[in-house]
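First to last, the protein sequences are chains A and B. The first sequence begins at 1 in the UniProt record's numbering and counts up by one. The second sequence begins at 1 in the UniProt record's numbering and counts up by one. Note that CB positions come from ideal geometry on N, CA and C, so glycine has one too. Encoded as structure tokens, the structure appears first; notes follow it.
There are 2 protein chains.
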Amino acid sequence: MTPLDKVGEFGLIGRIQQTVEITQPSTILGIGDDAAILAPAAGQELVISTDLLVEGVHFDLTFCPLKHLGYKAVAVNVSDIAAMNALPTQIVVAVSIPARFTVEAVEELFEGIKLACEAYNVDLVGGDTTGSRAGLTISITALGQVAAGKAVRRSGAGPNDLLCVTGDLGGAYLGLQVLEREKQVWQADPESQPELDKYPYVLQRQLRPEARMDVIHELRDLGVVPTSMIDVSDGLASEVLHLCQASGTGARIFTENLPIANPTLEVAEEFNLDPIMCMLNGGEDYELLFTVPLADHAKLKNHPDITIIGHMVDKSEGANLITKAGQPVPLKAQGFSHFG
Amino acid sequence: MTPLDKVGEFGLIGRIQQTVEITQPSTILGIGDDAAILAPAAGQELVISTDLLVEGVHFDLTFCPLKHLGYKAVAVNVSDIAAMNALPTQIVVAVSIPARFTVEAVEELFEGIKLACEAYNVDLVGGDTTGSRAGLTISITALGQVAAGKAVRRSGAGPNDLLCVTGDLGGAYLGLQVLEREKQVWQADPESQPELDKYPYVLQRQLRPEARMDVIHELRDLGVVPTSMIDVSDGLASEVLHLCQASGTGARIFTENLPIANPTLEVAEEFNLDPIMCMLNGGEDYELLFTVPLADHAKLKNHPDITIIGHMVDKSEGANLITKAGQPVPLKAQGFSHFG
């Protein structure tokens, strides 16, 4: 194990730089100068988004392997690019690293970052590495490209548009519940072994989420252009309200349509948690929530990765969850407060 | 004073968003969606750079006003854009904020960020705000534009090129010495008043540095295109070595040519510090170090903002400081270790 101060900041950057590959045609110059140089293709607009992951707020290194953390840090940024209907092209990564870290630990983090770069076809073109007096912080800014005028905003939904979500919901939140329970057990008895093998699905949802770039490509293949889109990072209820607010509409989503995976449902039962609440307020699923014109119903109704969960309505009706009994329940953004 | 958890993340973003103005023609959509949308002008390349400022590593809130800190966080990023010979266009800002902060404190930080945006003609187009279990962290990514092929890298210097630096050096480092001394006095006797009024120049250099965009514009007006460029963030010696390494050259810089301001010299004497060492290894001056062809000598020799400190030589000669007595002393990158 190599202490960080033995290689220093430039040594560390040199080690990371050596293993980085440039594959995007729009990357002219990557890591190693005062800034990277990019040449976006003609007729393209850029999208840019930034996300910060903070130890003790967004992740707990007790149970989060650094490689997974690096992968997740990229995936959550790519998810924002996907939510604009754009293709990710470059990222820059700034990390502040506690002195207790070894060079090998930092390299493991960057292994995960580079794995995600390969998976999403993104170039790592720059960054900053500094010390930290407290925990690890990872700040990633992602760039993407989209044909001029084709970016999808939160604000384009109209009444009667179908409201769709990719994949399934609630898993990441229940993964977190499992990790927190096992941590408490382990803190009480450091000799105990965490029982994690029983929960592969929800743990993967929490520790190593994927951005739904696959769906962006599928929608293009189907000729479906969402009228509005957002990624589900703070829980479904919060995101539906964001689309409604930006678009000036209301929404109706139906309890019986909300997609949940069987392993998620089982863990919810084990923890005595209402699965509907886990889907609405759980957060960190990184699925895409989007609206399409009613005319696209036939194209999406049997799509394996997409569920039609409801539709937009006039603003005056508000945003409601319709229970199995047909009762409307106003949606509230419980979400997740980092400042609580 | 308003506690952060009273307004929450969305409330805080809303407050910041309300006061942000968009002035760049290339900004299509700013804060408020999953990503910002940008449309770079035809024939332009983009440059992108990211910098992280961490409490306890890069700044100390005991003496650093939040407004200055916000300004500085933008300026250091713009300095990287300037060092590519580009004009800054947009920034995104991610902050992790300790619970002890009030809403008003965060707004003060963003006041400084917005002041710098106005000063450098940059749009604040996105960001992320999260909690922090420890100190304040500010991560800024800056974008800039430059005509295709006109970005200046570290790697273009040739032997005989003149080596130039803007402004003067060592001030920021001596400003830090003053702040650290006064902090010690204050910690020993909390009733004492810090003696800061005597040191306006070096304190401004430390607390509120400017990116040298003015010089970028002046060089364009003069028709001077640097062959290589870097910003002086880690001390002159480290930056000269970076240019030499990237360009495959050596360098000779002359002690008697190094620019230092009189107030900086006075503080160096007061602290019994060698002013040459402060210039070579002090860091945080955010001046520009660049090379130009010998033919540009006449254009720059009397320029008030630019000093010719030496010239590049063949790689085999190495990088040396030439003393008044004509003795060569090899340059070493002392720089600044965040991991120490």
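Residue-chain proximity (residue i, chain B), Cβ-Cβ < 7 Å
{"i": "A:LEU163", "result": "no"}
{"i": "A:MET84", "result": "yes"}
{"i": "A:LEU241", "result": "no"}
{"i": "A:LEU176", "result": "no"}
{"i": "A:ASP34", "result": "yes"}
{"i": "A:ARG100", "result": "no"}
{"i": "A:VAL232", "result": "no"}
{"i": "A:ASP51", "result": "yes"}
{"i": "A:ILE48", "result": "yes"}
{"i": "A:VAL92", "result": "yes"}
{"i": "A:VAL225", "result": "no"}
{"i": "A:GLY248", "result": "no"}
{"i": "A:SER139", "result": "yes"}
{"i": "A:GLU104", "result": "no"}
{"i": "A:GLU108", "result": "no"}
{"i": "A:GLY56", "result": "yes"}
{"i": "A:GLU21", "result": "no"}
Anticipated Cβ contact below 8 Å, residue i with residue j, distance rounded
{"i": "B:ILE91", "j": "B:LEU124", "result": "6 Å"}
{"i": "A:THR137", "j": "A:MET1", "result": "At roughly 22 Å, the Cβ-Cβ gap does not stay under 8 Å, so A:THR137 and A:MET1 are not in contact."}
{"i": "A:PRO328", "j": "A:ILE322", "result": "6 Å"}
{"i": "B:SER26", "j": "B:PRO3", "result": "At roughly 38 Å, the Cβ-Cβ gap does not stay under 8 Å, so B:SER26 and B:PRO3 are not in contact."}
{"i": "A:GLY131", "j": "A:ALA99", "result": "6 Å"}
{"i": "A:TYR199", "j": "A:VAL178", "result": "5 Å"}
Contact under 7 Å by Cβ, residue i with residue j
{"i": "A:LEU174", "j": "A:LEU236", "result": "no"}
{"i": "B:HIS311", "j": "B:LEU162", "result": "yes"}
{"i": "A:ASP305", "j": "A:VAL232", "result": "no"}
{"i": "B:LYS324", "j": "B:GLU269", "result": "no"}
{"i": "residue 372 of chain B", "j": "B:GLY167", "result": "With chain B represented from 1 up to 340, any question about residue 372 of chain B goes unanswered, as that position is not in the structure."}
{"i": "B:PRO159", "j": "B:VAL292", "result": "no"}
{"i": "A:MET84", "j": "B:ALA36", "result": "no"}
{"i": "B:PRO194", "j": "B:GLU182", "result": "yes"}
{"i": "B:ALA73", "j": "B:LEU53", "result": "yes"}
{"i": "B:LYS315", "j": "B:THR227", "result": "no"}
{"i": "B:ALA319", "j": "B:CYS244", "result": "yes"}
{"i": "B:ILE260", "j": "B:ILE309", "result": "no"}
{"i": "A:VAL152", "j": "A:MET213", "result": "no"}
{"i": "B:TYR71", "j": "B:ALA116", "result": "yes"}
From the options, residue whose alpha carbon lies closest to that of residue i
{"i": "B:TYR120", "options": "B:THR89, B:ASP231, B:VAL20 and B:PRO275", "result": "B:THR89"}
{"i": "B:PRO65", "options": "B:ILE309, B:GLU108, B:ALA151 and B:ALA142", "result": "B:GLU108"}
{"i": "A:ALA157", "options": "A:LEU143, A:VAL225 and A:VAL185", "result": "A:VAL225"}
{"i": "A:LYS299", "options": "A:CYS164, A:LYS183, A:LEU176 and A:PHE254", "result": "A:CYS164"}
{"i": "A:ILE140", "options": "A:THR129, A:GLY149, A:ALA148 and A:SER316", "result": "A:THR129"}
{"i": "A:ARG133", "options": "B:PRO259, B:ALA333, B:PHE59 and B:VAL76", "result": "B:PHE59"}
{"i": "B:GLY127", "options": "B:ALA82, B:GLN17 and B:MET213", "result": "B:GLN17"}
{"i": "B:ARG154", "options": "B:LEU241, B:VAL57, B:PRO190 and B:PRO263", "result": "B:LEU241"}
{"i": "A:GLU55", "options": "B:ILE97, B:GLN204, B:ALA172 and B:VAL178", "result": "B:ILE97"}
{"i": "B:LEU69", "options": "B:ILE81, B:VAL106, B:ASP80 and B:THR50", "result": "B:VAL106"}
{"i": "residue 343 of chain B", "options": "B:ASP296, B:THR23 and B:ALA82", "result": "The displayed coordinates of chain B run from 1 to 340. Any statement about residue 343 of chain B would go beyond what the structure contains."}
{"i": "B:VAL57", "options": "A:ILE28, A:LEU61, A:VAL95 and A:LEU179", "result": "A:VAL95"}
{"i": "A:GLY112", "options": "A:ALA148, A:LYS67, A:GLU21 and A:VAL152", "result": "A:LYS67"}
{"i": "A:VAL122", "options": "A:GLY171, A:GLY14, A:THR50 and A:GLU21", "result": "A:GLU21"}
{"i": "A:VAL76", "options": "A:THR62, A:THR50, A:ILE13 and A:PHE63", "result": "A:THR50"}
{"i": "A:ARG205", "options": "A:ALA148, A:ALA188, A:PRO263 and A:LEU294", "result": "A:PRO263"}
{"i": "A:PRO275", "options": "A:GLY171, A:GLN24 and A:THR307", "result": "A:GLY171"}
{"i": "A:GLU104", "options": "A:GLU317, A:GLY30, A:GLY11 and A:GLU118", "result": "A:GLY11"}
Residue-chain proximity (residue i, chain A), Cβ-Cβ < 7 Å
{"i": "B:ARG212", "result": "no"}
{"i": "B:GLY340", "result": "Caution applies to B:GLY340, whose pLDDT of 42 falls short of 50 and renders its modelled position unreliable; the model cannot decide the point."}
{"i": "B:LEU38", "result": "yes"}
{"i": "B:GLY14", "result": "no"}
{"i": "B:ILE31", "result": "no"}
{"i": "B:PHE59", "result": "no"}
{"i": "B:SER132", "result": "yes"}
{"i": "B:ARG220", "result": "no"}
{"i": "B:THR264", "result": "no"}
{"i": "B:ILE216", "result": "no"}
{"i": "B:THR2", "result": "no"}
{"i": "B:SER96", "result": "yes"}
{"i": "B:ARG153", "result": "yes"}
query: Are the region 267-285 of chain B and the region 226-236 of chain B touching, with three or more C-beta to C-beta distances below 8 Å?
result: The answer is yes - the region 226-236 of chain B touches the region 267-285 of chain B, with three or more Cβ pairs under 8 Å.
- prompt: Should the region 136-154 of chain B be called in touch with the region 32-48 of chain B, which here means at least 3 C-beta pairs below 8 Å?
  reply: Contact between the region 136-154 of chain B and the region 32-48 of chain B is present, because at least three Cβ pairs lie under 8 Å.
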